[in-house]
Each structure stands twice: as C-alpha cells, then as structure tokens.
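Novice:
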Amino acid sequence: DAKQNGANAPRLANTLNLSLLGLDSETLLIALDLEGVCASSGSACMVGSVVASHVLLAMGLQIERARSAVRFSLGKWTTAEEIKATGDAVQKIVERLQTRKSEYAVA
Numbered sequence: 367d368a369k370q371n372g373a374n375a376p377r378l379a380n381t382l383n384l385s386l387l388g389l390d391s392e393t394l395l396i397a398l399d400l401e402g403v404c405a406s407s408g409s410a411c412m413v414g415s416v417v418a419s420h421v422l423l424a425m426g427l428q429i430e431r432a433r434s435a436v437r438f439s440l441g442k443w444t445t446a447e448e449i450k451a452t453g454d455a456v457q458k459i460v461e462r463l464q465t466r467k468s469e470y471a472v473a
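FYI, in the working numbering the residues of the sequence shown are 367 to 473.
(1) Do you know offhand how far Ala-418's Cα is from Ala-373's?
(2) With H, G and I counted as helix, E and B as strand and the rest as coil, what does DSSP make of Leu-382?
(3) DSSP has Val-436 in a bridge; who is on the other side?
(4) So, Leu-394 versus Val-436, is the Cβ gap smaller than 7 Å?
(5) Are the segment 375-382 and the segment 436-456 in contact at 8 Å, needing three or more beta carbon pairs?
(6) Where do the ends of the alpha helix (DSSP H) carrying Ala-373 lie?
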C-alpha cells in the first residue's frame with residue numbers, strides 16, 4: 367500500500383514523498399540503488415540517519431509510515447522515460463520484497 371506524504375501541504379512540485387507501507391525505507395533504497403534509481407529517505411541534512419524523519423513525524427505520521435517513506439526528486443533534465451522507469455522499478459521491487467516477506471511469515 368502506497369501513501370503520498372504531504373499531498374495537500376505546500377511543497378516543492380519536483381519532490382514526491384511516498385510511504386510504501388510494511389516495507390523499510392532503507393531496504394527500499396538499497397534495492398532502488400541496485401536498479402539505478404536515486405532516492406532518499408529524508409532531507410540532505412539527514413543523510414546516513416536510520417531514524418524516521420522528524421519532519422514526517424511532526425506532520426503527524428505514525429512511526430511505521432515515517433519509517434517506510436522514500437523521497438523522489440525530479441531535476442530540470444529528468445525525462446518522462448526516466449519517470450516511467452522509476453515507477454516500473456518501484457513496482458518490481460515492492461512486489462519482490464512483499465513476496466519475500468510473505469515467504470518468511472510465521473503462520
């Protein structure tokens with residue numbers, strides 16, 4: 367389940383913050399990197415931090431949702447093809463991680 371964070375808040379038009387519920391953002395970021403997709407789990411000042419974004423928590427997000435948040439930013443030269451490839455990569459990764467998660471679930 368994906369939720370857009372800050373959808374109705376004033377924000378930069380080139381930035382999308384999504385929570386992919388049930389999945390850890392650090393795991394997602396590693397998988398995205400392996401697919402050639404650059405993303406982050408927070409602002410530049412939080413690089414290397416494994417704690418949930420204080421901004422998302424201040425917005426009222428639950429800790430689980432904040433810990434599953436990934437941020438995508440578009441640049442001036444980002445193409446429609448790159449956006450589609452990123453969406454395809456996210457879908458593939460989420461499906462793979464959810465399958466693995468269910469394989470290890472305790473019945």
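All C-beta atoms in this analysis are idealised placements derived from N, C-alpha and C, irrespective of residue type, glycine included.
Specialist: This is what the structure gives:
(1) 19 Å
(2) strand
(3) Leu-384
(4) yes
(5) yes
(6) Premise fails: Ala-373 is in no alpha helix (DSSP H) and is neither H nor E.
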